[in-house]
Structures are given as C-alpha cells and as structure tokens.
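This report refers to the structure that appears directly beneath it.
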Amino acid sequence: MFKRTIKREALKSVCLDETKEILIFLPGEEQSLQKNYPLLVLHDGNDYFNLGRIVTQAVQMIDDGQLDPFVMVAIPVDKEKRSSEYSPAGNRQPLHMQMVMDELLPFIREKYPVSSKKEDLVIGGSSLGGTVSLHIALKYPDQVNNVLSQSGAFFKATSEEIMRQHSLSHLQIYQSIGTSETAVPTHMGKLDLLARNREIYRNLKKKKAQVHYIEADGDHTWGFWQRDLPNALNYFFGNALK
115 MFKRTIKREA LKSVCLDETK EILIFLPGEE QSLQKNYPLL VLHDGNDYFN
165 LGRIVTQAVQ MIDDGQLDPF VMVAIPVDKE KRSSEYSPAG NRQPLHMQMV
215 MDELLPFIRE KYPVSSKKED LVIGGSSLGG TVSLHIALKY PDQVNNVLSQ
265 SGAFFKATSE EIMRQHSLSH LQIYQSIGTS ETAVPTHMGK LDLLARNREI
315 YRNLKKKKAQ VHYIEADGDH TWGFWQRDLP NALNYFFGNA LK
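So for the sequence shown, our numbering puts the first residue at 115; every next one is plus one.
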C-alpha cells in the first residue's frame, strides 16, 4: 500500500474574517507526486476524515486499482456558524461560497499538485454541506461542474434557484438519500428529507442536469454516509471505464 500524506494549512480568510485549519490528503509522499490530480473539496471536512473514514476508504480503493489518485481538502466549520454559512437562508452563506472560490481554491491550486480544470473539481458534503455545495455550483457554473451531495438538507430556496437556471446540462451530481430520512430532527423541526431530495432530483432533471440518484437503506447519520462513500468516490474518480 502506498504511503498517504495528510498536510495541515492555516487559511486566513478575509471573506469570513477567521482562520480555517484546512486538512489536505495527498495520494502518496509529497516528493513523489505528479501534477494535476483531481480535487475533492469537502464541507464538514473534519467529520468526513474522522467519522466518514474517507481517507481510509480512498486509500484502500486507490491501492486496489478501483480509483485514480486524487487530492482531498477538508474544510472545517464552527458548528455554531454552520447554519449561517451552509444554509441558503444563512447570512454568511455568500461569504462562505466566496471564501471557497476566491481564497481556498487559489491557495490549494498554487501550493499543491492539483488540476485547475473545472471538470477535475468536485465539491461535496452531507446534509447542509450538500446543500451549500450545490449552491456553489449554481452560483459559479463556469468554475464548478461536479457536486457530491449526501442527504442534502434542501429547502424551498434551493428548488427556486434550480428553476431559475436556464440549463444545468453542464452539472454532474451524485445525490444520495436514506429511505429512513422522513422525519429528520433539525432546529426547524422534523423534516422529510427524502421527499425534499426527490423534489430536487426532479427539478435538476427538468433542467437537464446529469444526476446519479440513489435511495438506499439508511438514516441521517455518518453510518449511512460512510457506507455510501465508496459509491460516490467511484462515480467521480473510478477508473473502470478509463
């Protein structure tokens, strides 16, 4: 098995007026890396690394020849600010999206061997992390084509934004939802995220987006998202057809 490398960086964000402690997964030892790896940017990134075990799963799949090597960047979030930064109703969401596009991506692309092509960039997350990932793609269609959404916590504002788009034929999205996610407890009460994801899927298809949609046995927990991750990684980085 190849040696994995995880780096830490302090990203000083002017947009958010705070410093983000970013984690970067590199598919091998830094001195042996090639250039122009695909890039996966993850919201709730520390949870993906720890609870989702995404690094362990990616390393095993790359080592087994199932995936092409890629770089992952974990964006941390202050849980007290999460809704304001990730929700379309949050007053900090535009600033968060600007941070990702204008600060994080240029920083990573300048310092690490990742591709600058939009087709090699995937932005993703779970719950509200999936929501903000989709909104970034809707706001920056010339820069973001690929979205990974696990149990997206979608609201009316997301549907309205999709329907305002002329066409989303450029967009590729991996969208998964658990069949038990019909009464998910939130600060807004219990939400039927299964129904909301079905609505988002229908609207995305109306706008000609390419959606790999999965409903599977699972609930709104990291247990489900961890089990689902190999499918998501294979969708974007699998080499079976290459």
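Glycine is no exception: its CB is placed at the ideal position from the N, C-alpha and C atoms.
| Query | Result |
| --- | --- |
| 8 Å Cβ cutoff met for Leu308 and Ile328 | no |
| Limits of the alpha helix (DSSP H) - the one that Val169 falls within | 168 to 177 |
| Candidates Ala188, Ala172, Gln257, Lys320: closest to Phe350 by CA position | Ala172 |
| Euclidean distance between Cα positions of His280 and Phe268 | 20 Å |
| Buried versus exposed call for Asp306 [16 or more other C-beta atoms within 10 Å across all chains shown] | exposed |
| Integer Cβ distance of Leu154 from Met186, believed to fall under 8 Å | 5 Å |
| Element boundaries [beta strand (DSSP E), containing Glu329] | 324 to 330 |
| Residues of its chain near Ser294, where Cβ-Cβ distance is below 6 Å and the 5 sequence neighbours each way are ignored | Asp333 |
| Start-to-end residues for the alpha helix (DSSP H) that takes in Asn311 | 307 to 320 |
| Inter-stretch contact at 8 Å, needing at least 3 Cβ pairs: the stretch 203 to 216 / the stretch 227 to 236 | no |
| CB contact flag (Val261, Leu282, <8 Å) | no |
| For Pro141, the nearest candidate out of Val246, Pro152, Ser241 (CA to CA) | Pro152 |
| Environment of Asn353 [buried if 16+ CB atoms lie within 10 Å] | exposed |
| C-alpha distance - Arg118 paired with Pro183, whole-angstrom precision | 11 Å |
| Rounded straight-line distance, which links the Cα of Val128 to that of Leu343 | 32 Å |
| Sequence-distant residues of the same chain with beta carbon closer than 6 Å to Arg121, five excluded per side | The residue asked about is misnamed: residue 121 is Lys in this sequence, not Arg. So the list reads Ile138, once near-sequence residues are dropped. |
| Environment of Pro299 [buried if 16+ CB atoms lie within 10 Å] | exposed |
| Three-state class that DSSP yields for Asn260 in the structure shown | strand |
| CB of Gln289 within 8 Å of CB of Asn311, strictly | yes |
| Backbone secondary structure at Ser290 - three-state DSSP | strand |
| Option in Pro190, Gly244, Ser197 with minimal Cα separation from Lys126 | Pro190 |
| C-alpha distance - Leu355 paired with Gly179, whole-angstrom precision | Its pLDDT being 45, under 50, Leu355 is placed unreliably in this model, and the value from its coordinates should be taken loosely. Going by the C-alpha atoms only, they are around 12 Å apart. |
| Nearest-angstrom Cα separation, counted from Gly244 out to Ala251 | 11 Å |
| Where the alpha helix (DSSP H) through Ser240 begins and ends | That residue, Ser240, is in no alpha helix (DSSP H); its beta strand (DSSP E) goes 235 to 240. |
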